[in-house]
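Numbered by this note's numbering, the letters in the sequence shown go through residues 2 to 466 in order.
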Amino acid sequence: MRELVWPRRGLLGSGLLLIVINRLAGLVLPGSTRYLIDDVVGHRNLALLTPLVAVVGSAVAVQAATSFALTQLLSKAAQRLIADLRIRVQRHVGRLPVRYYDANKTGALVSRIMTDVEGVRNLVGTGLVELIGGVLTAAVACALLLRINTTLTLASLGFLAVFGVLVSKAFSKIRPIFRERGAIHAEVQGRLSESLGGVRIVKGFHAEEREATTFAAGVMRLFENVRKTLTATSVMSMAGTLLTGLVSITVMTVGGRLIVGGTLTMGEFVTFTLYLGMMIAPVFQIVGIGSQLTEAFAGLDRMHEVLSEIPEDVDPARVGVLEEIEGHVLFDAVGFEYDPGKPVLRGVSLEAVPGTVTALVGSSGSGKSTLIGLVAAFAKPTAGTVFVDGVDLGTVRLDCYRSRLGVVLQDNFLFDGTIRDNVLFGRPDASDGDVTRAARIARVEEFALRLDQGYDTVIGERGVK
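Structure (structure tokens):
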């Protein structure tokens, strides 16, 4: 949280100043009621009415102006932070090794990037400042209540203390539920992405109903999670209603006796009840904001789980640079394990000489794709060494190596866009001549030229068009 809040301390400080001014201005109206009842009405002092109304009107104008400025300042800042965090998380995820993608569903990663950061608007946005402002308002209102009548104030504070204990316990139980919700949401979104991406397989095997059932089960798990939080918030809401009722009964009972006894005026009593409302209202507000902040912290926990993963290019051993690559590949007793203790490759030694074609033949699962992945530096061997042009590939900088590497995978992926866009994916700054030459080598030119739009034909995601 510190890394999010501290760089924006100036912004939050400005917001805090605005909320303090706003809340102080809000105290003017209830405070003026005492003078209206006891002086203007009680003593028929109409000369006091005009300045009293002017002060109240000015305070209302200040409240309106500060509310507008607060929303503009912090809401925009929160949305900018969300955008920055999404960019940061996506960039970090893009630098993670392939094994991380193998262990996580695409939809789950999308959820981490797009959904988990949403809650920060309540940290840097109006939520956190409103929380602090609510505490300050309650504190100032409490001080004013004590000035009016200590006995009546202490009688009311006893119920607030009990309510505070209940709320703190409820929040301690809600946060794990919010964390679980994020995990369920990512799982459901991941499965949905898979079923939509593989819609031809789903339809080909007549599995629409099965996928619908799977999705419905995930959504119901999400509902059950939400239901738990709703139960907790309902209990807090019920406790708040009871609090309001008990405090009101106490104020009516004690206040009525004090008025009859002559130790409390009617104006003081009305002012007390208004200030009491200003002290209790932030308590309910804190409950709502607290739930939002709890959800935000749960999302940030999941975001930090991703950011704590070490990128593949953060390797002190990778400092070498290959200026030119001839393509001499040598495997020296290479072994590899996806899972510890379960070797996929053992003692593989082979050589691929530049200018020749090396074919890897074997049954499915025999390790052909794994060998290619090692050459592409998608993973590092757990035993032995892979050499490229006589240099240990594990010591070469990935950006240097991959910028000179061409990869044709077993299952090619086409991005939504034109044929030209896809050819340019590896080198966006390539010339038209480079595009034509690459397309010719890849046997794409003949196919592209048969289309009406040629290289500018939109092929759609995965080439479905």
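Don't be surprised by glycine CBs; every beta carbon is placed ideally from N, CA and C.
Predicted model, so just to flag it, every value in this text is computed and none were measured.
Which one of the options has the shortest CA to CA distance from residue i?
i      : options                           : result
PHE273 : VAL255, LEU243, SER235 and ARG451 : VAL255
LEU37  : GLU269, ALA66, VAL354 and LEU406  : GLU269
LEU82  : VAL121, LEU74 and SER59           : VAL121
HIS305 : TYR102, HIS93, PHE379 and GLY11   : HIS93
VAL166 : VAL236, ILE149 and HIS207         : VAL236
GLU188 : LYS106, VAL445 and LEU351         : LYS106
GLU131 : SER15, LEU372 and GLN80           : SER15
ARG303 : THR34, VAL118, ILE20 and ALA78    : VAL118
GLU195 : HIS207, GLY183 and PHE216         : PHE216
ALA142 : LYS369, LYS229, ARG35 and GLY27   : GLY27
VAL61  : GLY191, PRO31, PHE416 and THR359  : PRO31
ASP390 : LEU323, ALA233, ALA66 and LEU415  : LEU323
SER157 : ARG24, VAL248, LEU197 and GLN91   : VAL248
SER76  : LEU13, GLN91, GLY135 and ASP103   : LEU13
GLN286 : VAL63, GLY95, VAL136 and GLN80    : VAL136
PHE164 : ALA240, VAL90, ASP103 and THR230  : ALA240
LEU25  : VAL54, VAL63 and GLU447           : VAL63
GLU327 : ALA55, GLY262 and LEU406          : LEU406
GLU313 : ARG100, ILE22 and VAL168          : ARG100
ARG222 : ALA208, GLY183, GLY205 and THR251 : GLY183
PRO355 : ARG176, LEU415, LEU394 and HIS329 : HIS329
ILE281 : ARG441, LEU53 and ALA140          : ALA140
THR251 : THR396, GLY366, LEU153 and ARG228 : LEU153
GLY321 : MET267, THR371, GLY395 and GLY262 : GLY395
ASP430 : SER404, VAL408, LEU410 and ARG441 : SER404
Quick check: the Cα distance between residue i and residue j, rounded to an integer number of angstroms?
i      : j      : result
LEU452 : THR458 : 7 Å
PRO283 : THR138 : 7 Å
PRO8   : LEU74  : 16 Å
GLY385 : GLY300 : 41 Å
THR242 : GLU212 : 44 Å
PHE69  : VAL203 : 51 Å
LEU244 : PHE160 : 6 Å
LEU155 : LEU145 : 12 Å
SER238 : GLY289 : 10 Å
GLU352 : VAL220 : 52 Å
ARG319 : ARG398 : 5 Å
VAL200 : MET279 : 56 Å
ALA171 : ALA233 : 7 Å
TYR456 : THR357 : 30 Å
ARG444 : THR437 : 10 Å
LEU468 : GLY257 : Residue 468 lies beyond the range of the chain shown here (2 to 466); nothing can be said about it.
PHE388 : ILE133 : 60 Å
TYR402 : ASN423 : 21 Å
VAL56  : ALA79  : 34 Å
THR151 : LEU231 : 37 Å
PHE298 : THR51  : 49 Å
ARG96  : PHE179 : 28 Å
ASP400 : ALA104 : 23 Å
ARG35  : VAL29  : 11 Å
ASN226 : LEU49  : 57 Å
SER1   : LEU372 : Lying outside 2 to 466, the shown extent of the chain, residue 1 is not represented and no answer is given.
THR67  : GLY58  : 14 Å
ALA449 : ILE175 : 56 Å
Identify the residues that DSSP records as bridge partners of residue i: which are they?
i      : result
LYS343 : ASP340
THR386 : ASP333
ASP393 : PHE388
VAL349 : VAL335
GLY321 : VAL397
THR419 : VAL459
How would you call residue i, buried or exposed, if buried means at least 16 neighbouring beta carbons within 10 angstroms?
i      : result
GLY43  : exposed
PHE332 : buried
HIS186 : buried
GLN190 : buried
GLY108 : buried
GLU210 : exposed
PHE337 : buried
ALA378 : buried
ARG428 : exposed
LEU277 : buried
ARG421 : buried
LEU308 : exposed
ASN23  : buried
GLU446 : buried
Would you please verify whether the beta carbon of residue i is less than 7 Å from any beta carbon of chain C?
i      : result
ALA208 : Structure shown: chain C not included; a single protein chain is present.
Consider the C-beta atom of residue i and the heavy atoms of the ligand ADP; say whether any pair is separated by less than 6 Å.
i     : result
LEU30 : Because no ligand of any kind appears in the structure shown, any question about the ligand ADP cannot be addressed here.
contact_flag[the segment 107 to 116, the segment 86 to 95] where n(CB pairs < 8 Å) is 3 or more
yes
| task | Check whether the segment 342 to 351 touches the segment 293 to 304, taking contact to mean three or more Cβ pairs, one atom from each stretch, closer than 8 Å. | result | no
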